[in-house]
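Worksheet for the structure shown next.
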Amino acid sequence: MKLAALFRFVLFATLLGLASNVWMSERADQLQTSQTALLTARLNAINELSLLQSEFDALQTLVAAFVVSKNSQHLVNYYELLDAHAGARKYARPVDNVYWSKLIAGNTQAVPLILAKGETLESRLLAPQNEAPNLSDDVKASVITILALSRKLREREQIVFALTQGLYDPEASKYVSEAPVRDDLAIQMLFSEEYLGMSNAIRAEIQGRIRAVELGFQTVIAAQADNIKATANFDLYLGLLVTLMALLGLAVLQRFVVAPLRDLNKVSKQIAQGNYSVTLPEPRFVTEMSNLVKGFALMIGSFKRELEQGEAARSAELIALEAKMGRERAEAQVEARGMLLANMSHEIRTPMNAILGMTALTLKSDLPEQERNYLLKVQDAAKSLLGLLNDILDYSKAEAGMVEFEHIPFTLDEVLANSFLAVQSQAASRKLLLLNEVAPGYSNQLGQRLVGDPSRLRQVLSNLLSNAVKFTESGSIRVYSRLQTRSDTGLDLRIEVHDTGSGLSKSQVERIFEKFAQGDSSISRVYGGTGLGLSIARELVIRMGGEISVGSTPGVGSCFWFSVPVMYDSDILVEPLPLGYQSGVLLHQPGPVADCVMSVLHASGMEAVLVSTLGQCIQHLNDNTCDWVLLQSDLLDPGAPLPAELLAYLSNPTLRLVAIDRDLLSADSTLLQLLPTELTKQLVHLAHPVLMQDICAAPRTDFQRVEKPNAVREYPETLQGKKVLVLEDHPVNQELVSSYLKAAGMQVTLCEHGQEGVELLDPDDAPHFDVIITDLEMPVMDGYEFTEWLRDQTRWMDTPLVGLTGHAFSEVRTRCLELGMDDFIAKPVEAGVLYLTLADLLHTSPSAPEVLPATPALPNLFIQHCADLPAKLRGHLDQMDEVAFVREIHSMVSLLALLGEKALHHVFREFEQGLNNQTTDAQEVLDQIRTVWPALVKKYSELLENTTPT
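Per our numbering, the very first residue in the sequence shown carries number 109; after that it's consecutive.
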């Protein structure tokens, strides 16, 4: 019995000791864990607030550093940090609170702020409130104060940036497009009491937050420490009691505790060896042993889960690595494909040009009909292959994102004119009428000052027009343009291309913009093409941030349209319209064509009225005073003479008389047969499509004013008597520059190329020259080679040398100056710029002339030297002299600008660039020039007759 009672006592004591030890152990662990968590939370909260303080200081330092050094990296870091505060970026890896000071000092590597959703400034400021206990209730007010001060500081800093870029007017206190750069005022604002006061206020608020967090944690941590101490004391006393009881129960423990522990020791060894499939012992009577076995079971399960998670993490890393390698391979493939296409294009284009040239030469000889037919097919196939190469190369660039977009000023009329010109020849051959229509309102006025990428817009519109012309058998192609404001400086430009072709079915519309897609399988055989044109247009429009689509009705026609965002100058809205307060009458057959012409007239500001008969026209002229009379060329009956009353009105010298022709090749119309000779000289021809710039630039009969014989002109006296050598190959430019120089009293010597200049200057007895002017693009020896030779000659080493070219690019200027030229003048040459440049180089006082010399008679120069341009180009092609062909085009670029032919000037510049880059075929260039040149020659022939004294 006693033994039984003793056993029960020992068993009770042992169980009580074990249970109390387990409970106290768990309690101590809980308290220790809680204490560690509180300390960690306090450290994290303080570190986060300290990091925020360092970020605010970094923003202020980055602004000051940018103002002083103009280092754009400071500006990039500044805006990336602002994005992080807005929640749009986050650190690629954690940083400490001294990271920004080290980064700005250059003592650490930058941690990227990657584009990803992160914590906003407000959420980061409020985060300690969720972790720190016992914080005061004014935390929200403190956060609002910090955010408000931050916004004010950012506004001041934006003004500072604008002052350093000349975009802020401090007197008017507003942002402007152009203003003096005020670095001094920017620095003054950075060190103003207001700015520093707001910075110190933010710093004080954050320091207050840090102190509040420390106080909030201090009380809880102290209480927690007291609990740990009390628990430790209780554990000590209880341990002594349990030890005494354990000594009494060793025998019992030996049986019911030690034996199970031995079993568990064996199990643990198996677990250490990696064997988790073990059988755990099943202890009896002792609860703690049961709990211990359960702990082993939980530990084994935890080990298994960790192993599984590790395997999953390694699998995820492997998948990510494979994805990264896949992206790198894809990028390398894109780059390799681009290089392959570029090299392939160059290598195939060169022999293909030779094939086209030799085929054209062979076709000019006497050949049997069958052989001629074979060669014509070879020529068509070669042209198709060149078109295919161009389309594939353009699509590859667009798809790979290698297309760069410009943001330069342009006008909507320039884009329309150049796009129309690209398809005018093809449309005329198919007897299609090209029309231009402008939306009512401010569309055309806004279109005079746009900022965007005109070349890409032309490429898109030209693709749509070419597609419309190709698939329209008869009728017209109408372009409708509209500009809608969407902000103070932003516009949506929408251009629609309407055709009267066969139309598209619903299934064709759904896949029309896919690459290599055409209406059906027979289209490529009938019309040719690759099916890439519309795909290229879609890629360009999407990359410009716009949209493109098509609507079509089978049997009626199609409407392709695109809309892209552009910028504009809102001041254009307060400027008067070009033809405001002018009136006119249009004699035209009513219908869509007349509506298009009327839309352009109204867009220019003209108050125009449409009439359809001669009687209505005469009645309108009787009742109203008109500045313009516009007549449809092919409306009149050639067998019926014009009424005398109408001819009397048209004889008014102040009246602008315009003939609206079907196309550039229709200038010899019925109207010319009905008008007297003196009125035909006054008649101005405009061809469809009619643009506002064509009407506003319609030449008057006083295009070239005849100077009075006794007119007195003053020129810079400081240039008189100076000797100048001019190297220029084009006769028009020779006469132009010579007339300016001779008008200033200078003695001019001309050479046609650099080699002729070398032969003149190389002998010991060569004449003296005070200054030398050389063109860059010349045959035999160009201006670059001549400059290198001249600067190697001791005698001419210090002679002022001026470059002259139609390329106004910065890289051309840099090359000229590096070779030894003293200055650079871009064509077309202006007298004032020429005089000031020469006066500066000759170290004389440039007394500006009150009246600059008149430009030589431009119509006369054009007719003398440029009327036979197509024949000259044909000769260069026959001789396969591509260099001379490009040089001829280059010479015309500056002359067309001097004549005021803006549309043709831009087209010829694109011809030159395309020929140099081997993206344009010389034969196609010649074909387009042949289309427009007769009308241009006729225009200046009439002007020459009108300006010639009788």
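A virtual CB, placed ideally from N, CA and C, is assigned to each residue, including glycine.
At a Cβ-Cβ threshold of 8 Å, residue 1040 and residue 573 do not count as neighbours. A distance below 7 Å between beta-carbons, with the five flanking residues on each side excluded, links residue 665 to the following residues of its chain, in chain order: 606, 607, 608, 609 and 611. Distance from the CA of residue 147 to the CA of residue 158, rounded to the nearest whole angstrom, comes to 16 Å. With a 10 Å radius around the Cβ and a threshold of 16 neighbouring Cβ atoms, residue 282 comes out exposed.
With three or more CB-CB distances shorter than 8 Å, the segment 317-336 counts as touching the segment 132-144. For residue 151, the closest alpha carbon among the candidates 426, 770 and 319 is that of 319.
For the pair residue 219 and residue 201, the CB atoms are nearer than the 8 Å cut-off. For the pair residue 770 and residue 652, the CB atoms are not nearer than the 8 Å cut-off. Secondary structure at residue 269: helix, using DSSP grouped into helix, strand and coil.
In the structure shown, residue 859 falls within a strand segment according to DSSP collapsed to helix, strand and coil. The continuous stretches of beta strand (DSSP E) do not include residue 725, which lies in the alpha helix (DSSP H) extending over residues 722-731. Separation of residue 582 and residue 543 (C-alpha to C-alpha, rounded to the nearest whole angstrom) is 14 Å. When the alpha-carbon of residue 290 is set against those of 296, 125 and 272, the nearest one is in 272. In the displayed model, residue 892 falls within a helix according to three-state DSSP. With respect to residue 862, residue 886 sits close: the two C-beta atoms are nearer than 8 Å.
In this structure, the alpha-carbon of residue 720 lies about 22 Å from that of residue 760. For residue 737, the uninterrupted beta strand (DSSP E) run begins and ends at 736-740, by DSSP.
By the neighbour-count criterion, in which 16 or more other beta carbons inside 10 Å mark a residue as buried, residue 841 falls on the buried side. For the options 410, 1025 and 969, the alpha carbon positioned closest to that of residue 1006 is the one of 969.
Fully enclosed beta strand (DSSP E) runs of no fewer than 3 residues occupy 197-199 of the segment 192-217, in order along the chain. Within the same chain, 611 come within 6 Å of residue 661 by CB-CB distance, once the 5 residues on both sides are set aside. When DSSP reads this structure, residue 588 sits in a beta bridge with 545 and 604.
At a Cβ-Cβ threshold of 8 Å, residue 837 and residue 860 count as neighbours. For residue 974, the secondary structure class from DSSP, reduced to helix, strand or coil, is coil. Residue 621 and residue 535 have their C-alpha atoms some 23 Å from each other. Beta-carbon to beta-carbon, residue 599 and residue 523 are separated by about 13 Å, too far to satisfy the 8 Å threshold. Around the beta carbon of residue 584, 16 or more other beta carbons lie within 10 angstroms, which makes this residue buried. Residue 619 sits in coil when the DSSP states are folded into three classes, being neither helix nor strand.
Inclusion of residue 162 and residue 208 in the CB contact set at 8 Å is warranted, their separation being smaller than that value. Here residue 514 carries a coil assignment [DSSP, helix/strand/coil]. The continuous beta strand (DSSP E) containing residue 715 extends over residues 715-719. Of all alpha-carbon atoms in 221, 705 and 513, the one lying nearest the alpha-carbon of residue 649 is that of 513. Per the DSSP secondary-structure output, residue 673 pairs in a beta bridge with 600. In the structure shown, residue 899 falls within a helical segment according to DSSP collapsed to helix, strand and coil. For residue 480, same chain residues with a beta-carbon under 7 Å away, outside a window of 5 residues either side, are 471 in chain order. A check of alpha carbon separations from residue 656 across 715, 729, 568 and 724 identifies 568 as the nearest.
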